[in-house]
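A short worksheet on the structure shown next.
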Amino acid sequence: MIEDHSDGLFRFGGDTLNTALYLARLTENVPINVAFATSIGIDLDSNLLLAAWKKEGIDTRFVTQLVDKFPGRYRIKTDKQGERSFKYQRSKSAARYYLTSSPGALTRFIAGRTGDYLYVSGISLAIISPEDRVWLFDALARFKANGGKVIFDNNYRPVLWNKKEVLPTYQSAMALADIAFLTDEDEFEIYQDNSLDGIISRAKQYNTTETIIKRGSEPCIIINSQGEQQTVSAEPVTNLVDTCAAGDAFAAGYLSQRLQHASVEHCAQFAHRVAGRVIQYSGAIVDRKVMADLF
Numbered sequence: 086m087i088e089d090h091s092d093g094l095f096r097f098g099g100d101t102l103n104t105a106l107y108l109a110r111l112t113e114n115v116p117i118n119v120a121f122a123t124s125i126g127i128d129l130d131s132n133l134l135l136a137a138w139k140k141e142g143i144d145t146r147f148v149t150q151l152v153d154k155f156p157g158r159y160r161i162k163t164d165k166q167g168e169r170s171f172k173y174q175r176s177k178s179a180a181r182y183y184l185t186s187s188p189g190a191l192t193r194f195i196a197g198r199t200g201d202y203l204y205v206s207g208i209s210l211a212i213i214s215p216e217d218r219v220w221l222f223d224a225l226a227r228f229k230a231n232g233g234k235v236i237f238d239n240n241y242r243p244v245l246w247n248k249k250e251v252l253p254t255y256q257s258a259m260a261l262a263d264i265a266f267l268t269d270e271d272e273f274e275i276y277q278d279n280s281l282d283g284i285i286s287r288a289k290q291y292n293t294t295e296t297i298i299k300r301g302s303e304p305c306i307i308i309n310s311q312g313e314q315q316t317v318s319a320e321p322v323t324n325l326v327d328t329c330a331a332g333d334a335f336a337a338g339y340l341s342q343r344l345q346h347a348s349v350e351h352c353a354q355f356a357h358r359v360a361g362r363v364i365q366y367s368g369a370i371v372d373r374k375v376m377a378d379l380f
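Counting with the numbering used here, you get residues 86 to 380 for the letters of the sequence shown.
Now the structure itself:
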């Protein structure tokens, strides 16, 4: 998506893209391939996006281009505390039509076991039709049956949802997840329950290998497949500028280490470091130079 900031600058971002891009950076010196699956248009902005993704080392062979569609846009307003609000323009967003127009791209990925993991977010699910969600969940089940692993991040934007569809969709996604990232504030809004114990209790009902509860500057909580809990503290950040990609960067940092078989404690510590670095700069995608020591 095109990111339109209140400072008048235009950048690119989007939750799954942010995670893919940061993951590609953090693993550029190890044999891990990061691919991104979406649709864009054939306009100048779309081609600039595609070129930028390739430059970051993202595998774009599952990106399709649609003649009559364009990248979605979202405007971010960031307050003095670094907290952000979003306004979306998605009516002609090409990404909404990825499964409708190009199901073969993802089908080939699954059938050929081209990858070991598929990462899906709540926003990914929100922007597609109910029919496409059914198709996607079936595809994810087939992917798991073939030995693949599913990663789910609960990123929730209420403005994108029909309220009646939220709970059954999120429950279906969690039932398929091997690794789940749950932001506490999103869980509170989804379930209308401001209880951390409620998040933990629900997480233990699913067969995830690990569930990571992201809590901003508070310690994250990791729940393993036996239901055991572990907390890992975040490093203090005094220069907080923009939190818009904090959770996405955290997920990328965690996965960059977990895919190399590091302990969950190390993964969470590194995830906090990555997120803490990103939120000190404006925009979802920060300059490579400011995080080069993390690669």
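Ideal Cβ placement from N, Cα and C applies to all residues, glycine included.
Every value quoted in this text rests on a predicted model; they were computed, and no experiment measured them.
Within the 7 Å Cβ cut-off, does residue i reach chain D?
i      : result
GLU274 : Judged by its chain identifiers, the structure shown contains no chain D, having just a single protein chain.
If we call anything under 7 Å between Cβ atoms a contact, is residue i one with residue j?
i      : j      : result
SER264 : GLU295 : Before going further, note that residue 264 is Ile rather than Ser in the sequence given. Yes, they are a contact pair.
SER214 : ASN240 : no
ILE364 : LEU325 : yes
GLU350 : VAL317 : yes
LEU151 : SER124 : yes
GLY338 : ALA356 : yes
ASP100 : ILE208 : yes
GLN225 : ARG218 : A small fix is needed here, since residue 225 is Leu in this sequence, not Gln. Against a cut-off of 7 Å, the Cβ pair of ARG218 and LEU225 comes out as no contact.
ALA347 : CYS305 : no
ILE298 : LEU267 : yes
LEU261 : TRP220 : no
TYR255 : LYS234 : no
ALA336 : THR104 : yes
TYR276 : ILE236 : no
So, under 8 Å CB-CB, residue i and residue j are touching, yes? Tell me the CB distance rounded to an integer number of Å.
i      : j      : result
ASP144 : ALA120 : 4 Å
ILE284 : GLU272 : 5 Å
ALA122 : LEU191 : 6 Å
ARG193 : ASN231 : Contact doesn't hold; Cβ gap of about 13 Å is too wide.
PHE228 : ILE195 : 5 Å
THR328 : SER310 : THR328 to SER310, Cβ: 30 Å. No contact.
ALA319 : GLY98  : Not quite, the Cβ-Cβ distance comes to about 22 Å (not below 8 Å), so this is no contact.
GLY126 : ALA179 : 5 Å
VAL115 : GLN345 : 6 Å
Can you tell me whether residue i is buried or exposed? The criterion is at least 16 other CB atoms within 10 Å of its CB, across all chains shown.
i      : result
ASP92  : Residue confidence for ASP92 is low, a pLDDT of 46 falling below 50, so the modelled location carries little weight; the figure read from the coordinates is stated next. Exposed: under 16 other Cβ atoms inside 10 Å.
PRO156 : buried
VAL251 : buried
VAL375 : exposed
VAL359 : buried
ARG343 : buried
THR149 : buried
GLY312 : exposed
PHE380 : exposed
VAL244 : exposed
SER280 : exposed
GLY189 : exposed
ASP282 : exposed
GLU141 : buried
ALA136 : exposed
SER286 : exposed
ALA109 : buried
ASP438 : Because the chain spans 86 through 380 in this model, residue 438 falls outside it and cannot be assessed.
ALA377 : exposed
LEU129 : exposed
ARG373 : exposed
Could you pull the start and end residues of the beta strand (DSSP E) that residue i belongs to?
i      : result
LYS299 : 295 to 299
SER124 : 123 to 125
ASN309 : 305 to 309
LEU267 : 264 to 268
ASP278 : Here ASP278 belongs to no beta strand (DSSP E), and DSSP marks it neither H nor E.
PHE147 : Element bounds for PHE147: n/a, residue is neither H nor E.
ALA317 : Sequence inspection shows Val at residue 317; the Ala mentioned does not correspond to that position. Taken as a continuous stretch (DSSP letters only), the beta strand (DSSP E) holding VAL317 covers 314 to 317.
PHE380 : Run containing PHE380: none; DSSP gives neither H nor E here.
ILE236 : 234 to 238
For the alpha helix (DSSP H) that contains residue i, what are its first and last residues?
i      : result
SER80  : The chain is shown from 86 up to 380; residue 80 falls before or after that span and cannot be answered.
THR449 : Past the edges of the chain, shown from 86 to 380, lies residue 449, and the structure says nothing about it.
ASP223 : 215 to 230
LEU261 : 248 to 261
GLN342 : 331 to 343
LYS140 : 129 to 140
THR76  : Residue 76 falls outside the range modelled here, since the chain spans only 86 to 380, and no answer is possible.
PHE155 : No alpha helix (DSSP H) contains PHE155, which DSSP labels as neither H nor E.
VAL359 : 349 to 363
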